[in-house]
């Protein structure tokens, strides 16, 4: 899992940056949803990578990342509900 997360999170981070730049020029709720999901996936894979490093000092960072993932996931769900 650590190998998968270390290879995957930069891809989703790049996708998030591209979607963020695109959203400056085009207004679409789908871009907001795509950005939120890319942030959620990126943060999740970074937290997995940090968790498997087994460093005790990074446990609080994983908790903060988990809170951010929860906030972005709730925002994504609310945006999807507002579409339908």
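Residue numbers (this note's numbering): 0 to 83. By construction, the Cβ of each residue, glycine as well, lies at the ideal position given by its N, Cα and C atoms.
In the three-state reduction of the DSSP assignment, residue 42 falls in the helix class. Under the Cβ criterion (8 Å, minimum of three pairs), the stretch 20-34 does not count as touching the stretch 58-70. Taking a cut-off of 8 Å on C-beta distances, the stretch 45-53 does not touch the stretch 17-28, as fewer than three cross pairs fall below it. Just measuring C-alpha positions, the residue of 18, 16, 41, 79 sitting nearest residue 8 is 41.
Residue 43 sits close to residue 68, with the two beta carbons spaced by under 7 Å. Following the DSSP letters along the chain, one finds residue 27 in no alpha helix (DSSP H), marked with neither H nor E.
Between residue 39 and residue 71, the C-beta spacing is below 7 Å.
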